[in-house]
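What follows is a set of notes on a single structure, which appears directly below.
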Amino acid sequence: MNVAKTPVAKNEELTVTVEDLTYEGMGVAKLDGYPLFIEGALPGEQAVIRVTKADKKYAFARLVNLLTTSPDRVTPRGRAYTQTGIAPLQHLAYPAQLAFKATQIRNLYQKAHLDVPVLATLGMAQPFGYRNKAQIPVRDVNGQATTGFYKRRTHELVPLEDFYIQDPKIDAAVLVVRDLMRRYQVPAYDEANNRGVIRHIMVRRGYFSHQMMIVLVARTWAVPYLDELVAGITAALPEVVSVILNLNERATNVILGKKTRVLYGTPDLEDTLLGSRFRISPLSFYQVNPQQTEVLYTEAIRRAGLTGHEVVIDAYSGIGTISLTMAKHAKKVYGVEVVPEAVADARENAKLNGIENAEFVVGKAEDVMQQWKDQGLHADVLMVDPPRKGLAPEFVAAVGVMLPPKIVYVSCNPATLARDLVALQGFGYRADATQPVDMFPQTTSIESVTVLTR
Ligand code: SAH
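For the sequence shown, the residue numbers in my numbering are 160 to 613.
The following block contains the structure:
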C-alpha cells in the first residue's frame, strides 16, 4: 500500500497567515503551496490553528487563537450559525460580504477569460431576519421533540430557537408547533430507522401580506393528535391562513413528498411583489428574500428595456413572478417551468392580476425551448432564471438557433453563469455588466443579473 506522507498531521498546531476566502467562506492559508482551510478565519489574519483533517492535497483546520484580527471582522452571533451553515459569513462585516460576492464573480470571469465588468453588490439595510420560508427538521432529543438545524455535512441536529436569518415570526411559529408536539407527545421522525412521524416543519410567511402557511411533513398520513395540533396552531398564530399535511414516506434527504392534504384554510398563501398578487402553493418555488427579490426583478426588468411591443420567453418561470411582472410591459410572455403545481399557480396568478398576455407551459425548459425553436417562435427578450446547474446544453443550442436579440440572465451560481456566458458569446452575444444582488446575507450564495445582446 502506498501511504503518502501529508505535509501536516492531524492535531498539529501551526501559526499561519490567512491569504484568501473560499467560495464557501473558509479562510485559506498556504504552506509552500499546500492549502489549509480554516473555518472562521479571514484574509490578513495571523492565527494559531489546529489541523482537524489532513489529506495529500489539502487540510482542514480550526482556529485555536487569533494573533491579529482583520478590520472586517465582526462579533459573530453564535458558533451554531457557522456549524450549521445557516450563516457561514457571520464573522465578516456586511460591506465586506458584499465585496466578497462581487470578487467571487470577478475571479470566475477571469478564469473563464470573460471580459465582463462586475458592479458593486446591492445589499440590504438590515441583513438578517429576511427569509420568508423555513424548513426545519424535528428530531427526538432526550425524549422531546426538538427543532434546529443539521451540522454541516452531517445529520446531527443542533437545537436552535433563533435562526437569525429567518423572519422572527417564522421562528416563533416553529416553536409553537414544537411545543404542541411536546404537549401531545407526537413522535418526531427517527431517521436511523425510518420510524416516527413528523419529519420537518415548513413555514412560509408573506412579507407583504403577513399570511402564514404551516406545512407538517410527516412519514404517514396518520398523525396522532392531528386535530389538536391544528387547533393549537390556529389558536396561537392568528396569521395562519393554511395548515397542510405533506406525506414523505421514504428514507431520503429530500424534504417534501409529492402529496399534500389541506388540514385548515386555503391550499396556498398569497403575497404581493412589485404590486402584483401571487398565490403560492406548498410545492412551488418562491424567492426567499422578498425585499431583495423586488430589487433583483426591478434590475432585470429595467435592463430588459421593455417598451410594450416585445415577445418575451421566461424560462424557469416558477409561479410566474417575473413573467407576470414583465407581461405588464410586453406584448406577450411565454413561461416554461418543470413543476406542474408551480405552472398551475402561474396560470391562476395571471387571472388574479387580470393579465391575458401570458401563457405557461409545463415542461423542461431545454425541451420546450427546442419545440419553440422548431415552431419558429421568435422572442425579442429571453429571460432565464435557472437552478444552480445553469442552462442545459440543449437549451443553449436552441438559443443559438432562435437568436433572441436580448437575453436577461438571472443566476444563483456564478460558476455556471460564467460557463453559460462563454457558450453564449460563441453565438455572438456580448454581456454588458453583471449586477450582483445580495439575496442571502450572512451566507455565501451569490445572485446576479446580466444582460446579453447580439
Ligand atoms: N423565476 C422564478 C423561479 C426561479 S427558480 C422566480 O424568480 O420565482 C428556478 C425554477 O426553475 C424553479 O421553479 C424550478 O422548479 C424550475 N426548474 C428547474 N429545472 C428546470 C428545467 N429543467 N426546466 C424548467 N424549469 C426548471
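Every residue, glycine too, gets a C-beta built ideally from N, C-alpha and C.
Per-residue burial, residue i [other beta carbons within 10 Å of its own, 16 or more giving buried]
i	result
residue 365	buried
residue 591	exposed
residue 109	With the chain running from 160 to 613 in the structure shown, residue 109 is simply not present.
residue 596	buried
residue 660	With the chain covering 160 to 613 only, the question about residue 660 has no answer from this structure.
residue 546	exposed
residue 359	buried
residue 499	exposed
residue 315	exposed
residue 270	exposed
residue 178	exposed
residue 344	exposed
residue 466	exposed
residue 589	exposed
residue 224	exposed
residue 254	exposed
residue 413	exposed
Beta carbon of residue i nearer than 8 Å to that of residue j
i	j	result
residue 609	residue 568	yes
residue 477	residue 501	yes
residue 423	residue 401	yes
residue 206	residue 175	yes
residue 309	residue 240	no
residue 463	residue 485	yes
residue 563	residue 533	no
residue 236	residue 249	yes
residue 288	residue 247	no
residue 558	residue 536	no
residue 438	residue 427	yes
residue 306	residue 297	yes
residue 543	residue 566	yes
residue 182	residue 603	yes
residue 353	residue 304	no
residue 524	residue 474	yes
residue 299	residue 338	no
Residues of its chain near residue i, where Cβ-Cβ distance is below 7 Å and the 5 sequence neighbours each way are ignored
i	result
residue 273	577, 580 and 581
residue 527	495 and 520
residue 229	201, 202, 203 and 204
residue 605	260, 263, 264, 573 and 595
residue 185	196, 197 and 198
Continuous beta strand (DSSP E) stretch holding residue i: start and end
i	result
residue 423	418-424
residue 238	Where residue 238 is concerned, there is no enclosing beta strand (DSSP E), although the alpha helix (DSSP H) it sits in stretches over 238-242.
residue 196	193-198
residue 570	565-570
residue 227	Here residue 227 belongs to no beta strand (DSSP E), and DSSP marks it neither H nor E.
residue 339	Per DSSP, residue 339 belongs to no beta strand (DSSP E); it is in the alpha helix (DSSP H), 327-343.
residue 357	357-364
residue 409	Per DSSP, residue 409 belongs to no beta strand (DSSP E) and is neither H nor E.
residue 307	303-309
residue 377	371-377
residue 435	435-439
residue 607	606-612
residue 296	292-300
residue 494	491-496
Beta-carbon contacts of residue i that lie in its chain and below 6 Å, excluding the five residues immediately before and after
i	result
residue 555	582
residue 169	210 and 213
residue 311	244
residue 277	261, 264, 265 and 593
residue 329	293, 362 and 364
residue 398	369 and 371
residue 280	257, 260, 261, 595 and 597
residue 493	472 and 518
residue 449	291 and 366
residue 560	532
Residues near residue i in its chain [Cβ-Cβ closer than 8 Å; skip 5 each side]
i	result
residue 452	432, 446, 480 and 598
residue 165	213, 214, 215 and 218
residue 389	402, 422 and 423
residue 379	356, 406 and 408
residue 575	545, 547, 548, 549 and 550
residue 335	391, 392, 395 and 396
residue 161	Low confidence applies to residue 161: its pLDDT is 49, below 50, so where it sits in the model is not reliable enough to give any reading.
residue 373	332, 336, 360, 361, 362, 392, 396, 399, 401, 402 and 403
residue 340	297, 304, 347, 357 and 388
For residue i, the first and last residue of its enclosing alpha helix (DSSP H)
i	result
residue 561	552-561
residue 317	Unbroken run through residue 317 is the beta strand (DSSP E), 316-318; no alpha helix (DSSP H).
residue 615	Any question about residue 615 goes unanswered here, given that the chain covers just 160 to 613.
residue 510	499-511
residue 354	Premise fails: residue 354 is in no alpha helix (DSSP H) and is neither H nor E.
residue 526	524-533
residue 536	No alpha helix (DSSP H) contains residue 536, which DSSP labels as neither H nor E.
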